[in-house]
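Visitor:
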Amino acid sequence: MALIVQKYGGTSVGSVEKIENVAERLIAAKKAGHDVVVAVSAMSGETNRLVAMANQISAKPDPREYDVLVSTGEQVTIALLAMALKERGYDARSYTGSQVHILTDSAHTKARILDIDEAKIRADLNEGRVVIVAGFQGKDEHGNITTLGRGGSDTTAVALAAALKADECQIYTDVDGVYTTDPRVVPDARRLDKITFEEMLEMASLGSKVLQIRSVEFAGKYNVKLRVLSSFVDGPGTLITYEEENMEQAAISGIAFNRDEAKLTILGVPDQPGVAYNILGSIGDANIEVDMIIQNVGGDGTTDFTFTVHRNDYGKALEILNKTSKELGAREVIGDNAIVKISLVGVGMRSHAGIASQMFKALADERINIRMISTSEIKISVVVDEKYLELGVRALHSAFGLDAPKD
Ligand code: ADP
Ligand code: ASP
Ligand code: MG
C-alpha cells in the first residue's frame with residue numbers, strides 16, 4: 195500500500211463527465227489499496243474567465259481581492275469531485291487551501307507555500323477517505339486568501355506530497371508526459387521516459403508550461419518522486435529524477451520556447467562606469483524583470499545596450515528607457531515586441547562540444563536571423579522574430595535528432 199498524491203489540471207476536470215472520469219481513476223487507486231490525496235485545478239477556462247472580469251473592472255485589480263476572486267474556481271471542482279466519489283459509494287472530503295492550513299507568505303497573486311498542517315489530512319486518510327484539496331490557493335498568517343501564480347495547482351500537489359512524505363506525486367494532464375518539446379507545435383515530439391530536475395527546471399523557466407517552475411523546485415528540494423501522466427490514456431508518463439552517473443546522455447533533452455518576449459535597445463549611450471546601472475536600475479525600480487542583457491563593445495566612446503523583458507511590461511519599459519535616454523544623452527531608443535526565445539536544454543551539453551554552432555547552422559539553413567544569444571551550462575537560448583517560432587523549433591528538433599522515429 196502506498197500514499198499517492200494526484201493532481202488533475204483544468205482540462206482533466208473541464209466538464210462534469212471529466213470530473214466523473216477522475217472519480218473513476220481515484221476509485222481504481224483505492225481498489226489497488228492506496229491512500230489517495232488529490233489536488234485539483236479549476237475547470238478549464240474558469241480562471242481565465244475570472245481574471246478577465248477583474249481586468250474589466252480595473253487595469254490593476256487589488257491583489258487581495260484578485261486572490262479572493264480567482265481562488266473560487268478550484269472550490270467548485272473539489273465539491274463536484276467529492277460528490278462524484280460519494281455517489282459511487284466512496285467516502286471523500288473536499289477542503290479549500292485554508293481549511294487544510296496551506297500557509298503561504300503574503301505575496302498576493304504569487305504567494306509561496308511555507309507550511310502545511312497535514313494532521314487533518316492524515317486523520318481523514320485513516321478513516322479511509324479520499325482527501326480532495328483545492329489547488330492554487332492558501333492563506334497567509336493573517337488568514338487572507340492567497341494564490342500561488344498561474345499553474346499553481348502543480349505546486350499545491352508537490353507541497354502536499356512533501357508534507358505527507360507521499361510515495362509518489364502524479365501530475366495528470368492532457369498530454370501523456372513531458373515531451374522533447376510542446377507537442378502542439380511539433381507533432382513529431384517524443385515523450386521522455388525520464389528527465390532530470392535540473393533540465394525540467396530549465397524547460398519550465400524557459401517557457402514549457404507543462405509544470406509550474408516552483409513545483410519542480412519544490413520536488414527537487416524535498417526529494418518528491420514526481421511523474422507527469424495523462425488523465426485520458428494509460429501509460430508510464432515521465433518521471434522527473436536526479437541525474438544518474440552512468441546515464442547515457444543525448445546532447446539535447448528538449449527544446450523550450452517563450453512567446454512572451456520583447457526587446458529594447460538604447461543606442462549611442464556614453465561608454466562609462468555606471469551606465470548599465472543607470473539603465474537597468476530604473477527598470478528594476480518599476481518591478482520589471484529583465485531576462486537577457488547584451489552590451490556591445492564601445493567604439494567612439496559610446497555603446498549600445500539591449501535587454502529583454504516580458505511582453506506585458508514592454509510599454510512601461512519603453513517609457514522608462516526613453517526617459518533614461520534623455521538623461522544620459524543617448525542617441526536613440528528602439529524596441530521590438532514581436533520576438534520569441536527558443537532554447538535548447540540538456541545536461542548532456544556539459545560533455546558535448548559544438549552544440550551552439552550546430553544550432554546556429556540549423557537556423558541559418560532555414561534563413562532565420564538570430565537577434566540575441568545567451569548560454570549557460572545546460573542551455574542555449576536565441577531570440578528570433580516571432581514569425582519564425584514554429585519553423586525554428588521544428589528545424590532544431592530534427593537537427594538534434596529528437597523527432598519520433600517514423601514507422
Ligand atoms: P493542466 O491544465 O493539466 O495543468 P497545462 O496546459 O498547464 O495543463 O500543461 C499541459 C500542456 O503543456 C500540454 O497540453 C502542452 O501543450 C504543454 N507543453 C508545453 N511544453 C511541453 C512539453 N515539453 N511536454 C509536454 N507538454 C508541454
Ligand atoms: N487554475 C489555476 C490556473 O489556471 C491554477 C492551475 O490550474 O494550476 O492557473
Ligand atoms: Mg498547468
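Position 6 of the sequence shown, counting from 1, maps to 200 under my numbering, and the rest follow consecutively. Yeah, the Cβ is synthetic: ideal placement off N, Cα and C, and Gly gets one too.
1. With the cut-off set at 7 Å, would you say G462 and R525 are in Cβ contact?
2. Is G332 near the ligand ASP, judged by its Cβ being under 6 Å from some heavy atom?
3. Would you report the Cα separation of P467 and N481, rounded to the nearest angstrom?
4. Quick one: is D376 buried, meaning 16 or more other Cβ sit within 10 Å of its Cβ, or exposed?
5. Within 6 Å: the Cβ of R160 and any heavy atom of the ligand ASP?
6. Candidates G523, V379 and G332: which alpha carbon is nearest N452's?
7. Would the region 325-336 count as touching the region 286-296 if we require 3 or more Cβ pairs under 8 Å?
8. Name the one or two DSSP bridge partners that K150 has.
9. Anyone know if the C-beta pair for S238 and T205 falls short of 7 Å?
10. To the nearest angstrom, how far is the alpha carbon of Y260 from that of I339?
11. Just mark Y471 as buried or exposed, buried being the case when its beta carbon has 16 or more other beta carbons within 10 Å.
12. Counting pairs of beta carbons, one from the region 535-554 and one from the region 493-501, are three or more of them closer than 8 Å?
13. Between A360, Y289 and A383, which has its C-alpha nearest Q269's C-alpha?
14. If you reduce the DSSP assignment to three classes, tell me which class Q370 lands in.
15. Does the beta-carbon of I528 have 16 or more other beta-carbons within 10 angstroms, so that it is buried, or is it exposed?
16. Please go through the same chain and pick out, in chain order, the residues whose beta-carbon is closer than 6 Å to the beta-carbon of G602, but skip the five residues on each side of it.
17. Just curious, the beta strand (DSSP E) that T153 is in, first and last residue?
18. With a threshold of 6 Å (Cβ to nearest heavy atom), would Y471 be considered close to the ligand ADP?
19. Looking at the ligand SAM, does it come within less than 6 Å of G401, judged from the CB to the closest heavy atom?
20. Would L275 and I213 qualify as a contact pair, given that the criterion is a beta-carbon distance under 7 Å?
21. Would DSSP call E214 helix, strand or coil?
22. Taking N516 as the reference, give the member of G208, I460, K225 and R258 with the closest Cα.
23. On the DSSP letters alone, give me the boundaries of the alpha helix (DSSP H) that S592 sits inside.
24. Buried or exposed, going by whether 16 or more other CB atoms sit within 10 Å of the CB of M195?
Guide: With the given structure in hand:
1. Taking 7 Å as the Cβ cut-off, G462 and R525 qualify as a contacting pair.
2. Remark: the C-beta of G332 is outside contact range of the ligand ASP, defined as less than 6 Å to any heavy atom.
3. Whole-angstrom Cα-Cα distance: 23 Å.
4. It counts as buried.
5. There is no way to answer for residue 160, as the model of the chain reaches only from 195 to 601.
6. That would be V379, whose Cα lies nearest to the Cα of N452.
7. They touch, by the three-pair rule.
8. Any property of residue 150 remains undetermined from this structure, which presents the chain solely from 195 to 601.
9. The answer is yes: Cβ separation under 7 Å.
10. One C-alpha to the other measures close to 10 Å.
11. Exposed is the call here.
12. When Cβ pairs closer than 8 Å are counted between the two stretches, the region 535-554 is seen not to touch the region 493-501, the count staying below three.
13. Taking only the C-alpha atoms, the option nearest Q269 is Y289.
14. Contrary to the premise, residue 370 reads as Asp rather than Gln in this sequence. Coil at D370, not helix or strand.
15. Exposed, because fewer than 16 other Cβ atoms sit within 10 Å of the Cβ of I528.
16. Beyond the ends of the chain as shown, which are 195 and 601, falls residue 602; an answer cannot be given.
17. Residue 153 lies beyond the stretch modelled for the chain, which goes from 195 to 601, so this question has no answer here.
18. No; taking the cut-off as 6 Å, the Cβ of Y471 has no heavy atom of the ligand ADP nearer than that.
19. For the structure depicted, the ligand SAM is absent and the ligand set comprises only the ligand ADP, the ligand ASP and the ligand MG.
20. Closer than 7 Å, so yes.
21. Here E214 sits in helix by DSSP.
22. If we check each option's Cα against that of N516, I460 comes out closest.
23. Per DSSP, S592 is one residue of the alpha helix (DSSP H) stretching across L583 to A593.
24. Exposed, by the Cβ-count rule.
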